[in-house]
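Undergrad: Got a structure here, written out as structure tokens. Questions coming.
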Amino acid sequence: MTFRMAALVAGIAATSAAPALLAQDVEQENRKWKATAEVGAISTSGNTETTTFQGKLDATQDLNRWRNQYVLSILYTEDDIEQSDGTTSTETTAEKFSGSVKSAYKINNDNANFFVFASHTNDEFGAYQKYTTLALGYGNRLFETSTMTLDAEIGPGYYWAEQDLPEPQGTTDEEGALLRAAAQYEWQVSETADFKQVVSVEAADDNTRTISDTSLSLRINGALQMKIGYTLQNDSDVAPGKEKTDTTTYANLVYKF
């Protein structure tokens with residue numbers, strides 16, 4: 000009788016604890032993923048007609064020994080272009096898709112890591128129509144306070160590119176070894192404002208690509224933010240008639256989940 004009573008009590012306790020344990024497992028699983036989705040769109044009509052769309056998805060998976068990051072971004076613009084005969088037509092003036100994946104193996108602590116990084120950009124109107132990078136190396140946190148962090152990484156890699164040439168030459172293939180260095184600075188300005196600066200430099204013999212993104216995020220509520228920023232991309236070697244630097248100023252709505 001005593002054994003049956005003990006088993007019954009244990010069974011009731013296990014049944015009562017099951018929902019809490021399940022909720023804890025779900026919470027721990029959710030903590031492994033952090034993601035933000037942002038979107039911005041501008042449309043004008045009248046004397047000038049312009050449509051611009053920008054979107055970005057940034058997801059990070061934080062495991063015991065690995066931290067994986069996946070980024071996908073889109074930029075698309077249509078403008079009214081005046082033709083030589085005086086008429087106007089709507090033409091696509093910007094069409095850029097880019098994505099990157101980084102997998103970092105943690106060593107000793109959460110901040111020191113060995114990483115593998117891969118990225119690809121398809122830019123129909125850029126100095127390079129296609130640009131693919133593969134790199135590996137070491138990263139660590141250089142500076143940290145209660146409101147600021149500075150992370151940096153460096154390592155060798157390789158790139159494959161398709162450079163746009165003046166018509167009617169088309170494009171030319173380009174590839175070679177590179178050295179990639181990147182840094183990310185984050186500052187919690189206040190309880191509702193965050194500043195972020197991300198810079199990467201991919202230096203090769205034929206071209207050095209520098210990308211900078213500066214942004215300020217203002218929290219509207221727990222999950223929704225307004226983000227204003229400035230993106231710069233510079234290529235040291237471009238074909239005649241092409242600009243070395245492309246810039247984008249944006250204001251996006253961001254949802255964190």
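In numbering that gives the first Met the number 0, the protein residues as written are 0 to 256. Cβ atoms here follow ideal geometry from the backbone N, Cα and C, with glycine treated the same way.
Going by C-alpha distance, which of Val100, Ile106 and Gly98 is nearest Asn63?
TA: Out of Val100, Ile106 and Gly98, Ile106 has the C-alpha closest to the C-alpha of Asn63.
Undergrad: Can you check whether the CB of Gly125 is closer than 9 Å to the CB of Gln232?
TA: Cβ atoms of Gln232 and Gly125: closer than 9 Å.
Undergrad: Assuming Arg140 is part of the beta strand (DSSP E), what are its boundary residues?
TA: Where Arg140 is concerned, the enclosing beta strand (DSSP E) stretches over Tyr127 to Glu143.
Undergrad: Can you give me the start and stop residues for the beta strand (DSSP E) that Lys241 sits inside?
TA: Per DSSP, Lys241 belongs to no beta strand (DSSP E) and is neither H nor E.
Undergrad: Just to confirm, are Lys95 and Leu74 a CB contact at a threshold of 9 Å?
TA: Result yes, Cβ atoms of Lys95 and Leu74 sit closer than 9 Å.
Undergrad: According to the neighbour-count rule (16 or more other Cβ atoms, all chains shown, within 10 Å of its Cβ), is Gly136 buried or exposed?
TA: Buried.
Undergrad: Counting pairs of beta carbons, one from the segment 138–150 and one from the segment 162–175, are three or more of them closer than 8 Å?
TA: Verdict: no, contact absent.
Undergrad: Return the chain-ordered ranges of every alpha helix (DSSP H) run that is complete within the segment 180–236 and spans a minimum of 4 residues.
TA: Listed in chain order, there is nothing to give.
Undergrad: With DSSP as the reference, identify every bridge partner of Glu94, one or two as the case may be.
TA: In DSSP, Glu94 forms a bridge with Tyr75.
Undergrad: Would the beta-carbon of Gly39 fall within 9 Å of that of Leu223?
TA: Going by C-beta atoms, Gly39 is not nearer than 9 Å to Leu223.
Undergrad: Pick helix, strand or coil for Gln168, following the three-state DSSP scheme.
TA: Gln168 falls in the coil class under three-state DSSP.
Undergrad: Taking only three categories from DSSP, how would you classify Phe116?
TA: In the structure shown, Phe116 sits in a strand (DSSP, three-state: E or B).
Undergrad: Please report the straight-line C-alpha distance between Lys241 and Thr91, rounded to a whole angstrom.
TA: Answer to the nearest angstrom: the Cα atoms are 17 Å apart.
Undergrad: Please report the residue range of the beta strand (DSSP E) in which Leu62 lies.
TA: Segment: none, Leu62 is in no beta strand (DSSP E) and carries neither H nor E.
Undergrad: Please classify Tyr158 as buried or exposed, where buried requires at least 16 other C-beta atoms within 10 Å of its C-beta.
TA: Buried, because 16 or more other Cβ atoms sit within 10 Å of the Cβ of Tyr158.
Undergrad: Of the residues Ile219, Lys226, Glu201 and Gly228, which one's Cα is nearest the Cα of Asp236?
TA: Nearest option by C-alpha distance: Glu201.
Undergrad: Determine the direct distance from the alpha carbon of Val100 to that of Lys33, and round the result to whole angstroms.
TA: Cα to Cα, Lys33 sits roughly 15 Å from Val100.
Undergrad: CB-CB under 7 Å to Ile80, same chain, minus the five flanking residues each way: which ones, in chain order?
TA: Cβ within range, chain order: Thr87, Ser88 and Glu90.
Undergrad: What does a CB cutoff of less than 8 Å around Lys243 pick up in its chain, not counting 5 residues either side in sequence?
TA: Same-chain partners within the cutoff: Ala126, Asn233, Asp234, Ser235 and Val237.
Undergrad: What first and last residue would you give for the beta strand (DSSP E) that runs through Glu152?
TA: Start and end: Met147 to Asp163.
Undergrad: Is the separation between the beta-carbon of Gln187 and that of Met225 shorter than 9 Å?
TA: Taking 9 Å as the Cβ cut-off, Gln187 and Met225 do not qualify as a contacting pair.
Undergrad: Which partner residues of Thr50 appear in the DSSP bridge assignment?
TA: In DSSP, Thr50 forms a bridge with Ser42 and Glu77.
Undergrad: Comparing the CB of Asp109 with every heavy atom of the ligand MN, is any distance shorter than 8 Å?
TA: This structure lacks the ligand MN, and indeed carries no ligand of any kind.
Undergrad: When DSSP builds the beta bridges, which residues end up paired with Thr87?
TA: Glu81.
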